[in-house]
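Everything on this sheet refers to the single structure shown next.
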DNA sequence: CTAGCGGAACAAAACGTTTTGGTCGAGAAA
DNA sequence: TTTCTCGACCAAAACGTTTTGTTCCGCTAG
């Protein structure tokens, strides 16, 4: 005997119950392994469920158990723009994509959300199970909003002005910087400059801190340029211009965080007769299509977006499971050496 | 008098009702403009709601009205890869980002979903209000699955093997091709080749159709190369190699759909002493960081991801509103002329 | 023989909405 | 006066689950 669902409607737990000749309670228990059901009954329920193609309605389940099965993702650097123009797109699409995959693998969906503090947020945005905030700015209002609403969250990169918030994943910024400086030093650089962005996030802040302390340790004067992330290659050219006009000798090693800046910077220096890596070596802080395809190709830090995203998802889910002990995972990035620093080690 | 919510719990419609001294029915009606409520009462309810900071629970609403407030997005070309490696990242991140923004603006969230036909899908994926499928493959199983489940969907680019499915947004593929060929012809190309990808989507298929019919119209022999999208720049080099080895003269105009192929193709030709645009002109079918930053910069079709995504969201939402008349919007792309075709018009 | 226990099942409550189908008056039409 | 209509409001059902509390029954310990 096979009673099909009552009508053309979605097949519900009631249909399964009727089919298996038990109550809906028993069905729920059998399917979720909750109560105590006889093995024979359990089998009967399972059979009925699968033959009917039943799967529990996620919304109804969400209503009852306050678990929707969705994670929210806010990529803050993309919020500072009017449109989602390609600023370090390479990194962010890989990050978002990998986060989606990791979430899916764990049975969750991933919802892309724009800054939920501006204007009206779809109510659904605050109904998700937890949030990942990528690269929060200082004292980030998004973190404030979510905390106020009691929504679990985890960030990628710390909030530099919120020391009490510790649920963030380090992105190896300081270690990366150290590796870059060592790389440049090994190849003979003696006057290393830093080109940072202007967003108030941990990447910029911590890179600069690492740089200054490295300078201090070597007795070198710190040379720091800052340029808006959004300005892209032309911003890199502006920095190059500033270096050329500064009256000081051009640095012989440059750590330029943003890939697009690095590309423009290199192009401009090249045009003014400076050879790379002969006269100046350049390292970009974020590997991208651009640093790979520049001529010469630019040595870059591969920020491991896939690993970072997966770690972020796992970290958030462990928090959701009530595990508040486990510390944040740490991700190891790797420096991709290319022609822009292709000099013999001294 | 201000009665606060009963406890530390979420503030519900009951709290608002109690505060305003009306029934929850009236609150619901007042807030949604549904029934008929006296203006004074409506005000009272609105005040109570805002003073309590009430907003309806999206999940409960979803359960009752079968509207979750989420749109699903599946970017098919990203599914053919193991990881979300940067294949035309430029286009897709802009597309996904713009879709998220457009959805948010209309009060919806955007959920990123991987191919829901493989493995177990989170139930929530099938609970969303509608789907956007970007660049479906022929007879796409994802479209099949969604249709079977009665979930509204819209695709970007048609399913080439599903002529009965008409809810797709054209991406101007044929018009783009025509413009490209005219551009090349105007600048003296007489032997134009097409380099397509291998994915079974409309972009590849329709571009080739347009190309062959253009060839037929001019009595030119069609020269078509196909190369896996995933192979990136090295794939472009492989095609260049094939052209050089073919025994035939190298084409004097090349329409290469994938940006990364175009970049590698150009580099390889250049290395073998062929000048661009002098000997060969190249046009890429998809504008990207790469085509912009190649040397020489490559003339490309700007696929207008922002406009396309916005159109897709609007189209889907109009379908959700039950408007089945309005045809799909059409998006106009623009050809960005650069150095790779910088020859005088003959 | 009876009280107690525990396995197996179920009825009903709960989650927070929206919607259906009322009730209750007051004024208009007959 | 009676009947209708309509504005204003509300009680209860419904959405599809999960969870709580209960019942039933057979068995064992006393």
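Chains as they are written, first to last, in the numbering used here: chain L, 1170 to 1515; chain G, 1170 to 1515.
In this text, a Cβ means the ideal position worked out from N, Cα and C, and glycines have one as well.
In this structure, the straight-line span from the alpha carbon of residue 1502 (chain L) to that of residue 1472 (chain L) is close to 5 Å. In the DSSP secondary-structure assignment, residue 1337 (chain L) is bridged to L:1324. Shown here, residue 1380 (chain L) sits in a helix according to DSSP, grouped into three states.
About 6 Å separates the Cβ atoms of residue 1243 (chain L) and residue 1311 (chain L), confirming a contact at the 8 Å cut-off.
Within the region 1289 to 1310 of chain L, 1289, 1290, 1291, 1292, 1293, 1294, 1295, 1296 and 1297 place their CB atoms closer than 9 Å to a CB of chain G, listed in sequence order. Identification of chain G residues near residue 1414 (chain L) by a Cβ-Cβ cut-off of 9 Å yields none; the smallest Cβ-Cβ distance measures about 25 Å. When the beta-carbon positions are compared, residue 1509 (chain L) and residue 1463 (chain L) come within less than 9 Å of each other.
Not a single C-beta of chain L is nearer than 9 Å to the C-beta of residue 1435 (chain G). Residue 1196 (chain G) is a Cβ neighbour of residue 1182 (chain G), given a cutoff of 9 Å. Around the beta carbon of residue 1304 (chain G), 16 or more other beta carbons lie within 10 angstroms, which makes this residue buried. CA-to-CA, the gap between residue 1496 (chain L) and residue 1340 (chain L) works out to about 14 Å. Taking CB atoms only, residue 1192 (chain G) has no neighbour in chain L less than 9 Å away. Fully enclosed alpha helix (DSSP H) runs of no fewer than 4 residues occupy 1208 to 1221 and 1227 to 1234 of the region 1196 to 1244 of chain L, in order along the chain. Within chain G, 1232 have C-beta atoms less than 8 Å from the C-beta of residue 1229 (chain L), given in sequence order.
At a cut-off of 9 Å, the C-beta of residue 1473 (chain L) has no neighbouring C-beta in chain G. Minimum Cα-Cα distance from residue 1221 (chain L) among the listed residues L:1240, L:1189, L:1194 and L:1236 corresponds to L:1189. Around the beta carbon of residue 1233 (chain G), a 10 Å sphere encloses fewer than 16 other beta carbons of the protein chains shown; the residue is thus reported as exposed. The beta carbon of residue 1407 (chain G) sits no closer than 9 Å to any beta carbon of chain L. The beta carbon of residue 1375 (chain L) sits closer than 7 Å to those of 1342 and 1343, all from its chain and outside the five residues before and after it, given in chain order. Assignment of beta-bridge partners to residue 1412 (chain L) by DSSP yields no partner. Counted as a single uninterrupted DSSP element, the alpha helix (DSSP H) harbouring residue 1437 (chain G) occupies residues 1428 to 1440. Shown here, residue 1472 (chain G) sits in coil according to DSSP, grouped into three states, outside any helix or strand. In chain order, 1269, 1270 and 1273 make up the part of chain G whose C-beta sits under 7 Å from the C-beta of residue 1283 (chain L).
Contact check for residue 1432 (chain L) against residue 1467 (chain L) passes: the beta carbons are separated by less than 9 Å. Between residue 1410 (chain L) and residue 1429 (chain L), the CB-CB gap reaches or exceeds 9 Å. Contact check for residue 1455 (chain L) against residue 1427 (chain L) passes: the beta carbons are separated by less than 9 Å. If you check the CB distance, residue 1211 (chain L) and residue 1199 (chain L) come in under 9 Å.
When secondary structure is reduced to three states using DSSP, residue 1405 (chain L) falls in the helix class. Residue 1366 (chain L) and residue 1266 (chain G) have their C-alpha atoms some 22 Å from each other. Fewer than three pairs of CB atoms, one per stretch, sit closer than 8 Å, so the region 1267 to 1284 of chain G makes no contact with the region 1332 to 1339 of chain G. For residue 1302 (chain G), the uninterrupted beta strand (DSSP E) segment begins and ends at 1299 to 1303.
For residue 1445 (chain L), DSSP assigns no beta-bridge partner whatsoever.
Nearest C-alpha to residue 1511 (chain G) among G:1292, G:1498, G:1389 and G:1450: G:1450.
Using a Cβ-Cβ cut-off of 9 Å, residue 1455 (chain L) is close to nothing in chain G; its nearest Cβ partner there is about 13 Å away. Your pair residue 1320 (chain G) and residue 1292 (chain G) does not check out as a contact, with CB atoms roughly 13 Å apart and the cut at 8 Å. Of the candidates G:1480, G:1369 and G:1391, G:1369 places its Cα closest to the Cα of residue 1329 (chain G).
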